[in-house]
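In this note's numbering, the protein residues as written are 37 to 191.
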């Protein structure tokens, strides 16, 4: 059994509790969103078009039939982008740089700044800054700055 005075166990439980609360909120939002999406689809289909015919990048993929989410402990992230690779592999997205159906951006708020700094693996400036010619790794370039908060956003 776990020692209740162990701070790492408490932090893990707090993180999982927050993740569970976020998942519940996301499910509620998805239910509300799917209801409005269903109404919008009904209007679209009544005009003779289906959601699958307007799907991008392929016409045979209906994005309305899929719901994706994942949680990242930003304090443990080392910036290797394995989460993006795993997501592409799991969802059968080609691994080349020209398929952007799944990617992750990092939003970092530095102390005293109003707007976040956004690191995206699709941004050529970030690719060049990471020292690689073809791919971006989330490097810890803010290690000397006072970071108020940082989080990842799946796109």
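All C-beta atoms, glycine included, are put in the ideal place defined by N, C-alpha and C.
Rounded to the nearest whole angstrom, the CA to CA distance from residue 49 to residue 109 is 12 Å.
Distance from the CA of residue 130 to the CA of residue 122, rounded to the nearest whole angstrom, comes to 12 Å.
Using a 10 angstroms sphere on the CB of residue 54, the tally of other CB atoms stays under 16, which defines it as exposed. Boundaries of the alpha helix (DSSP H) around residue 125: 118-126.
When secondary structure is reduced to three states using DSSP, residue 49 falls in the helix class. Per the C-alpha coordinates, the member of 150, 46 and 142 positioned closest to residue 115 is 142. In the three-state DSSP reduction, residue 103 falls in the coil class, being neither helix nor strand.
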